[in-house]
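Heads up: the sequence shown is residues -14 to 653, going by my numbering. Beta carbons: idealized from backbone N, C-alpha and C, even for Gly. All values reported here derive from a predicted model rather than from experimental measurement.
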Amino acid sequence: MSPILRKKGMVRITYKGLHDQHILLAKKTSLVLPNGGYVIPRLDQHSAGISSALYKEFDKDGDDLIESDGKLAMLGQFMALVLIVDAYGLLLSKLLLQWGKREEIVNLHEVTEDPRINSGQNHEEFDFDRRVISPNLSSCHDSYAVPGEMMVNCCPPRPESEEHVIDFVLPPPSTLRVRRPAHLVDDEYIAKLKKAVKIMKSLPYTDPRNWMRQANMHCLYCTGSYNQKYSNSIEVDIHKTWYFFPWHRMMIYFHEKIIGSLIGDEDFALPFWQWDAPEGMSMPSMYWEGALVDTERNPLHISPNSIGDLNYQMTESNLSREELVSSNLAFMYNQMVSGATTSELFMGCPFKVGEAGECLGRGTIEAAPHNTMHSWVGKHANRYNENMGVFYSAARDPTFYAHHANIDRLWEVWRKMANYKKDIVDPDWLNAYFYFHNEKSQLVRVSIHQILNITDMGYRYQDVDLPWLNAKPKPSMSPKIARNRLKMNMKNFSTRADQKLSNVLQLVTEKSSCFEPTGRTLHTNVRVRVYRPRKSRTKQEIEAEEEVLVVYGIDVKKDMYVKFDVYVNVVFSGSERTSDINLGPESREFAGTYVSLQHGVRKIMNEGDTMIKRKRKTNFNLGISELLKDLEADEDDSILVTLVPRNGSGVNTTVDGVRIDYLPRYTQ
């Protein structure tokens, strides 16, 4: 189906005449185009070569140059090639725009083809000068793999700013490459993948297809090696933001194309590690030997008897195999269904250019099982849980690519479940761009809007069952019984807001649920009463907005590994002084888990080449509308939220508070 020009669409105009080539921007209404779209042309103030006098004449009545009835009046005698694109940057049509003296009517002519369009060559004249997230390739520098303790340099041997850049062009239509579950591929396929990895490891480091160079692409973008193009004192961050899914899609796409080229098989597709289904939860046996081995793995998990723990706590689970599978499926339901009802909850927070645009907030899948499975694979005997357990080294392990292929598949599953009505439409996200080397070792600039349709990219995923769709968690006890028990629990604790920290459960009943100015350290459980701004919401309100529990101002000491679980209206068992809550994801009271790997970002080079350190706090968002309904708490004035640190990691963590917000469920 042909795309339709949206009201938010833009028109790129490259005109030739008295002033060579410049760019006109066009937005929204008034010139009626043959396909029914509308545009208002305006001069791009950043276009070089336009005289100030000419610009003033164009702009003296504002920058709208429109006459009524769909007629366009302009100055001078020009011809222009008009590229009409929608909000996603998709080319809708090409027109030749002609006009003569002032007040003359524009003539529009279809242009059958222009050799500069879709040629795959660098054509800066068609780019908007929009301030979006992109890396400053000349700014690559050392960064912290572990803040304050270990520096790494992942920069390429030759600055990428010195390389010729081409723009990404979607491949021509062909037979789709099919990504299959790693546990189902045959010996011939495994031999091909091993051959490719062996070749990549044998290439010189100066070759961007080299295995370590490929791994360092992840290091570059996840430890802050690049600063932003438009804000050179702030790093590009692909984790904890809405760039997590698209950036990793780009990375494994180019990795896959390189593999196919090296083994002479253009139809080769990466496997995906299907840890969200019982039959795929163990580490695939193909990674146990030969070129696919990584010695820096947890040896306890290299076995068909070892089930990946999607809610991993850096200790071995005492659950039976069947119990762990059930827990994993319930966890996936929470992360993909009930907790992922909005684009921000699933994708992560909107990170934009400059300090004002900064945010840190993971989506459901990035927090876990993405982070938890990284930790599960990493070698605990290593100080920082290398390789998979820390971002600077994660992509050195071949399982990284199968792990992220599954992450990419789940993104597609989520989009289809929402009928694409939750896709992000913000142009700051759609037009953000990054750089990768292709199978020809060429440096390619690729924008997010170009990689949203995987069919257009030339691949698809083998259809598999989604057993977690039917694994909805259930309350651990009757909500009515729980309500009475909670009232009894509350009587056994002080309600003083200034209660000192101790080894017993902390209770805060402030209406603001705010622990500032110093925050609360999670060296033991913290329970807080959170008041709901809107109770008894109508069906229409619930359908329009998700109720979101926000644990805000999370500060992780030295960016260490941290994990804490969040519960709503959970009833304690045993002694009232105990800090143990062992309910897992299969219990409806479990709202989600916060997991932070050793990230590494925070050493940046500013414009004066001075190394500075920066630290930002994180928010953790949890969709709770369905959870509240299941716990029969959807009409209550308040809820009891309990934060439970795991494996002693809470001593490195402080939290500023807990609140409830509301997010729109749909973007379009």
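Taking 8 Å as the cut-off, the Cβ atoms of R512 and T627 count as close.
With three or more CB-CB distances shorter than 8 Å, the stretch 405 to 422 counts as touching the stretch 335 to 345. Exclusion of the five residues before and after E531 leaves T326, T327, G608, S610, L648 and R650 as the residues of its chain whose Cβ lies within less than 6 Å of its Cβ. Taken in chain order, the complete alpha helix (DSSP H) segments of 4 residues or longer contained in the stretch 182 to 246 are 196 to 207. In the DSSP secondary-structure assignment, P289 is not bridged to any residue. Comparing alpha-carbon positions, the option among D171, P383, R198 and E617 lying closest to S521 turns out to be E617. The closest CA to that of E526, considering only A390, Q199 and D619, is found on D619. Between E571 and P460, the C-beta spacing is not below 8 Å. Within the DSSP secondary-structure output, P649 pairs in a beta bridge with E530.
In the three-state scheme derived from DSSP, where H, G and I count as helix and E and B as strand, F605 is classed as strand. Per the DSSP secondary-structure output, D441 pairs with nothing in a beta bridge.
Y190 counts as exposed, since fewer than 16 other C-beta atoms from the protein chains shown sit within 10 angstroms of its C-beta. Judged by their CB atoms, P166 and Q447 are nearer to each other than the 8 Å cut-off. Distance from the Cα of D622 is smallest, within the candidate group D646, A456 and R517, for R517. With a cutoff of 8 Å on beta-carbon distance, T349 and G324 are scored as near each other.
Runs of the beta strand (DSSP E) spanning 3 or more residues and lying entirely within the stretch 414 to 459 occur at 418 to 422, 428 to 432 and 444 to 446, in chain order. In the structure shown, S305 falls within a coil segment according to DSSP collapsed to helix, strand and coil.
Residues K177, K180 and A181 of the same chain have their beta carbon placed closer than 6 Å to that of I248, with the five preceding and five following residues left out of the count.
Annotation for V515: S498, L534, S623, I624, L625, V626, V643, R644 and I645 place their beta carbon closer than 8 Å to its own, counting only its chain and skipping 5 residues before and after. Per DSSP, the beta-bridge partners of K548 are V580. If the five residues before and after E397 are omitted, its C-beta is found closer than 8 Å to the C-beta atoms of I439 and Y446, all from its own chain and listed in chain order.
The alpha-carbon of T280 is positioned some 24 Å away from that of L169. By the neighbour-count criterion, in which 16 or more other beta carbons inside 10 Å mark a residue as buried, P158 falls on the exposed side. CA-to-CA, the gap between V429 and W258 works out to about 28 Å.
Around the Cβ of L155, a 10 Å sphere holds fewer than 16 other Cβ atoms; the residue is exposed. Taking a C-beta distance under 8 Å as the contact criterion, R164 and A254 qualify as a contact pair.
By the C-beta criterion, the stretch 373 to 387 is judged not to be in contact with the stretch 305 to 321, since fewer than 3 inter-stretch pairs fall below 8 Å. Rounded to the nearest angstrom, the gap between the Cα atoms of D222 and Y206 is 6 Å. By the Cβ-count criterion, P502 is exposed, with fewer than 16 other Cβ atoms from all chains shown falling within 10 Å of its own Cβ. With fewer than 16 other beta carbons inside 10 angstroms of its own, R368 counts as exposed.
Going by beta carbons, E351 and F229 fall inside the 8 Å limit. Taking a 10 Å sphere around the C-beta of K407, we find 16 or more other C-beta atoms and assign the residue as buried. Shortest Cα-Cα distance from I244 to any of T226, M266, K364 and P383 involves P383. For S328, no beta strand (DSSP E) encloses it; the enclosing alpha helix (DSSP H) starts and ends at S328 to M332. A Cβ-Cβ contact shorter than 8 Å links T208 with Y129. Short of 7 Å from the beta carbon of N554, and not among the five residues preceding or following it, lie these beta carbons of its own chain, in chain order: A467, L471, E574, L616, A618, I624 and L625.
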